[in-house]
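Comments concern the structure below.
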Amino acid sequence: MEKAENTREKAALRPPSQVMRLSRMGSIHQCRLSFMRILLRRMKRENWTFERPVFEINAKGVGHAVYTATGPQRTYSLVAFAHDLPPEMRSDRVIATAWDATFTLFDGVPTAEDIIRLSRNVPLQEAGRVSSKELSVSRANRSVRLFKHVISSLAAGHQPDAEMIESVGYLMRTTAVYGSGKLGAADREMICGRPEFTAPFQCEMLSVFLTRAFVLDLAEHLAAARSPETAVKMDPALRRRLGIGNSTGLGMAPFLVNHPVLLNNWVAAREEALARVRSVVTASGDEIARFQALLPRAVQNVADWHSEHPIQIEKLAALKADLKLLTTHVTKANLKENAPWNQLYLWAAENLSTEGQELLVSLMMEPYGDLIDELADCMSADETTVFPINGAMSLADLGTLCDDVYGWAKKIDWQSHAAQARAWYVSEEKLEPRLGERFEEPITEYEQPLSPARDAIRMAEDLDTWVRDDTVAAFVLRHPEHRHIVRRLQLSERFPYAEIRDNTIDADVLPIDMLRCKLAFFGATHFDPRSDRWVRINMYRNAPYPEELAMSAEDWSYPTLSEGNA
Amino acid sequence: MTYSLNEIEAMSKRAARGAGSDWGLAEEAGKATRWLSEHGFAGPETLAALLTQNDGRPYASLSPIDVNDVWNASTGTLCPLIAGTALCDLAARLDAGVTLGQTSYPIFLAPFVATAAKVSGTALTLSWDNTEICVSSDGGLNISHSGDLAASVTKAVLCKGTDPSKCTGSHKNRKQDVDAKAWATLGAFAHRTYAPATEESRLAGAGAGLSDND
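The listed protein sequences derive, respectively, from chains A and B.
0 is the number of the first residue of the first sequence in numbering that gives the first Met the number 0; add one for each residue after it.
0 is the number of the first residue of the second sequence in numbering that gives the first Met the number 0; add one for each residue after it.
Next comes the structure, spelled out in structure tokens:
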């Protein structure tokens, strides 16, 4: 696996007991292996072209538009529907029934008939149906105050207030992006063989990338419609500061637990990348310069990150202090020789908060695209191959596996209410995932299998009453209630980062840690929790727009330092 | 109506759970139903009939009493989800031959035996009445039948090793259009897994902010 001669004996991978703690998963940052970065790298490398063949939107902002992205073999089209939404209907939750804009990513270029069919379904979202010609379905709501401000400013002939743009960061936020066969769309299995979609969530990321272009066009269009004589376009430097927001609730947390192999492959790729960088013996002048140039941009990015949530405020304060320490440290540290990145990492582990350590992990990867970008090819998962249970395994081996992965959970007092305080369930209201209080609400009978630690302990208790050389097949035939956790344990033998090493139903569990982990892998920034189970983020902030992609730098996710934000 | 395979799997898993299966078995039901649809069989329709038939019957009455000799259920008829899962768990033993007694909807054993063939690297044949299904370790599939593939019950089923050359077909004509009544039946079972909405859970359970008009 060694990539370059300039590597010493490879640094060890960080153990799952360290990496898979919720507090650390809830502190990671986007990196070169994030899915947005993977997508834009590919599209730039392959010279993708972008067009807007249709933009039929009236002065009230109602209509539709089509944006195409064409790669070496295929064209994909974002079909966008813009609506006039009364404020009382604006909700980011799953239970909403109307939105400011709705979208689908179409496989190819839609015909007029396709558009008519989609116009009858996509605006309805979950209440509509799409077909295997569609790859994703999504919707977005306006940031009301920024959208208004931008339109009125542009209409009046001047640029919107930069500070206001900084403080919100987006004109619209998506509230769900459905892929993988949802609502009748194409199954992932139908498209995962295409090179552009082998990495995870690439069609969803493409859909959001094009959505960002549409939202900006919509704002400029509405400004021009309001005041054709005076309206101006948005300044290119300012518009890059706008990403697409996302408002996400509990749906993403179950995803990580329900897709353990995928979670493993994401984390394993990132950990392998870190180990490769830590194994570099000597850093070149260019590599050091790239790191040093990015550090102040990372500082700026953190300065641009706002949250009103007490937990995140505290974490941000620590992160800012970390970055001060780091900035001082790298002026004195030898970044050239003796495995400099390993030394820097070890220094950080001693001196920085978890947020700071994980930001450094992302930053250290930046100069080493040649060493690590190939790991993007290892991040998807064929989950069918790991599904079967190995019935021939002995119960002694199953017990050992359980101790290895869930030994820590045996120290928890599972009789205490606090250890089982929560239960994950699905509401009959539009199937919204929720987290409830087990001892206060009648929800236990609806509990989803999202507490593997407790399930492992329950299994271990029954295992104690069986003969150790008996087989897993015999055990699960008599104990079908343990089949789910047995499957998980067996796959975690091959996929060490598959299991979260914390109690996901504890009274103190913070679901936002799980959301943060998934969203950071997407490439999101500026995590802004609205509660312990709801977070707003920014996607593609500072990214090039489609027509700018060919000329853009690959480290776009760190803001450039200009006069305005130096 | 046409459904994606992911929708078929998700609905089947929830329906099986709603009908009383433990989660691990419900996952198997989802995967098996998906396999049937992917290979041109009436997956959701068969699952709807099976769940309706076995609704309220305890696991112990539908599972094999003993897996060393002929497999039989204590009440007389094996559930193919339970028996199929057990067959797959014992994949390495199937080459030598396993006989099942009376079994409901034997077509539901096919996906499990197909997986067992892959896991054990052995071509396997599954036969009942005038039906024979051969599956190979690389996904090959051959079906010969003069009887009813969707039979609701059979007296006996034999699973044993076979010559891989007997299973060279592919049989991949997906069947993704699902009978509306069957889908509604699965939906009704799935609905049992959803918590009734209460004002309290609506406000607190999802944890959203108070206003999104900002």
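Note that beta-carbon positions come from the ideal geometry of N, C-alpha and C, so glycine has one too.
Q.
Pull the bridge partners of residue 617/A from the DSSP assignment, please.
A. Since the first residue of chain A shown is 0 and the last is 565, residue 617/A is not available in this structure.
Q.
Beta carbons nearer than 8 angstroms to chain A: which residues of the segment 175-192 of chain B have them?
A. 190 and 192
**Q.** Test: residue 196/A CB closer than 8 angstroms to a CB of chain B
**A.** Start at 1 with the first residue of the first sequence, and residue 196/A comes out as number 197. Not one chain B Cβ lies under 8 angstroms of residue 196/A.
Q: Identify each residue in the segment 149-165 of chain A for which the Cβ-Cβ distance to at least one residue of chain B is less than 8 angstroms, and report them in chain order.
A: none
Q: Within 10 angstroms of the Cβ of residue 184/B, are there 16 or more other Cβ atoms? Answer buried if so, exposed if not.
A: Taking the first residue of the second sequence as 1, we reach residue 184/B at position 185. By the 10 Å Cβ count, residue 184/B comes out buried.
**Q.** Continuous beta strand (DSSP E) stretch holding residue 525/A: start and end
**A.** Along the first sequence, read from residue 1 onward, the residue named residue 525/A stands at position 526. Looking at the DSSP string, the run of the beta strand (DSSP E) that includes residue 525/A is 524-530.
Q: Name, please, each residue of chain B whose Cβ falls closer than 9 angstroms to the Cβ of residue 89/A.
A: Within the first sequence, the letter at position 90 stands for residue 89/A. Ordered by position in chain B, the residues that pass the 9 angstroms Cβ test against residue 89/A are 210, 211 and 212.
**Q.** Simplified DSSP assignment, three categories, for residue 0/A
**A.** For the purposes of this step, residue 0/A is taken as the residue at position 1 of the first sequence. Unreliable positioning characterises residue 0/A in this predicted model, as indicated by a pLDDT of 44, which lies under 50. The coordinate reading is nonetheless provided below. Coil.
Q: Give the single residue among 169/B, 4/B, 11/B and 0/B whose Cα lies nearest to the Cα of residue 192/B.
A: The residue given as residue 192/B occupies position 193 in the second sequence. The shortest C-alpha separation from residue 192/B is found at 11/B.
**Q.** Positions along the segment 112-134 of chain B whose CB lies within less than 7 angstroms of some CB in chain A
**A.** 114 and 118
Q: Excluding the 5 residues preceding and the 5 following residue 210/B in the sequence, name in chain order all residues of the same chain whose CB lies nearer than 7 angstroms to its CB.
A: By one-based count along the second sequence, residue 210/B stands at place 211. Counting only Cβ-Cβ distances below 7 angstroms, and skipping sequence neighbours, we find nothing.
Q. Between the segment 152-159 of chain B and the segment 172-191 of chain B, do three or more beta carbon pairs fall short of 8 angstroms?
A. no
(Q) Bridge partners for residue 105/A per DSSP, in chain order? (A) Counting from one through the first sequence, the residue named residue 105/A turns up at place 106. Partner(s): 76/A and 133/A.
Q: Determine the direct distance from the alpha carbon of residue 72/A to that of residue 48/A, and round the result to whole angstroms.
A: Numbered from its first residue, the first sequence carries residue 48/A at position 49. Numbered from its first residue, the first sequence carries residue 72/A at position 73. Distance between the alpha carbons of residue 48/A and residue 72/A is about 12 angstroms.
Q: Quickly, what does DSSP pair residue 244/A with across the bridge? List them, please.
A: Within the first sequence, residue 244/A is the residue found at index 245, counting from 1. Answer is 172/A and 537/A.
Q: Could you confirm whether any beta carbon from chain A is found closer than 8 angstroms to the beta carbon of residue 30/B?
A: Here residue 30/B refers to the residue found at position 31 when the second sequence is read from its first residue. Chain A contact via Cβ: present.
Q: Could you give the DSSP three-state label for residue 126/B: helix, strand or coil?
A: As a first step, residue 126/B is located in the second sequence; it is residue number 127 there, counting from the start. The answer is strand: DSSP assigns residue 126/B an E or B state.
**Q.** chain A within 8 angstroms of residue 87/B, Cβ atoms only
**A.** Counting from 1 along the second sequence, the entry for residue 87/B is found at position 88. Closer than 8 angstroms to some Cβ of chain A, the Cβ of residue 87/B qualifies, so yes.
Q) In terms of DSSP beta bridges, what is residue 436/A paired with? A) Here the question's residue 436/A lines up with position 437 in the first sequence. According to DSSP, residue 436/A bridges with 421/A.
Q) At a CB-CB cut-off below 8 angstroms, which residues of chain B make contact with residue 140/A? A) Position 141 of the first sequence holds residue 140/A. Per Cβ cutoff of 8 angstroms: 211.
Q: Consult DSSP for residue 177/A and reduce its assignment to one of helix, strand or coil.
A: Here the question's residue 177/A lines up with position 178 in the first sequence. Looking at residue 177/A - three-state DSSP - the assignment turns out to be strand.
(Q) Is residue 445/A close to chain B? Criterion is C-beta to C-beta, closer than 8 angstroms. (A) The residue you call residue 445/A lines up with position 446 of the first sequence. Answer yes: the Cβ-Cβ gap between residue 445/A and chain B drops below 8 angstroms somewhere.
(Q) Within 8 angstroms, do at least three Cβ pairs link the segment 407-421 of chain A to the segment 502-509 of chain A? (A) yes
Q | residue 390/A versus 374/A, 416/A, 356/A and 470/A, residue with shortest Cα-Cα distance | A | In the first sequence, residue 390/A corresponds to position 391, counting from 1. The residue with the shortest Cα to Cα distance from residue 390/A is 470/A.
Q: Determine, using beta carbons only, whether residue 254/B comes closer than 8 angstroms to chain A.
A: For residue 254/B there is no data in the structure shown, the boundaries of chain B being 0 and 213.
Q: Round the Cβ separation of residue 46/B and residue 84/B to the nearest angstrom and send it over; I've been treating them as touching at under 8 angstroms.
A: As a working mapping, residue 46/B is identified with position 47 in the second sequence. As a working mapping, residue 84/B is identified with position 85 in the second sequence. Going by Cβ atoms, the distance from residue 46/B to residue 84/B rounds to 14 angstroms, so no, they are not a contact pair.
(Q) What would DSSP say about residue 226/A, mapped onto helix, strand or coil? (A) Residue mapping note: residue 226/A aligns to position 227 of the first sequence, counting from 1. Residue state, collapsed to three classes: coil.
Q. Residue 33/B to residue 174/B, Cα distance in whole Å?
A. As a position in the second sequence, residue 33/B is number 34, starting the count at 1. As a position in the second sequence, residue 174/B is number 175, starting the count at 1. If you take the alpha carbons of residue 33/B and residue 174/B, they lie about 10 angstroms apart.
Q) What number of angstroms, rounded off, separates the C-alpha of residue 264/A from the C-alpha of residue 38/B? A) Locating residue 264/A in the first sequence gives position 265, where the first residue counts as 1. Locating residue 38/B in the second sequence gives position 39, where the first residue counts as 1. Roughly 29 angstroms separates the two Cα atoms.
Q | Segment contact, 8 angstroms Cβ cut-off, at least three pairs: the segment 97-110 of chain A with the segment 151-161 of chain A | A | no
Q. Quick one: any contact between the segment 198-214 of chain A and the segment 32-44 of chain A, if contact means 3 or more CB pairs under 8 angstroms?
A. yes
Q | Every unbroken beta strand (DSSP E) inside the segment 114-186 of chain B [3 residues or more] | A | 123-127, 130-134, 140-144 and 156-160
Q.
Any C-beta of chain A within less than 8 angstroms: which residues of the segment 59-83 of chain B qualify?
A. 62, 63, 66 and 81
**Q.** Residues within the segment 417-432 of chain A neighbouring chain B, beta-carbon criterion of under 7 angstroms
**A.** 424, 425, 426, 427, 428, 430 and 431
**Q.** Same chain, Cβ closer than 6 angstroms to residue 19/B, neighbours up to 5 away in sequence not counted
**A.** Indexing the second sequence from 1 puts residue 19/B at position 20. No residues qualify anywhere along the chain.
Q. Excluding sequence positions up to five away, which residues of its chain have a Cβ less than 8 angstroms from the Cβ of residue 566/A?
A. What the structure shows of chain A is the stretch from 0 to 565, and residue 566/A is not part of that stretch, so it cannot be assessed.
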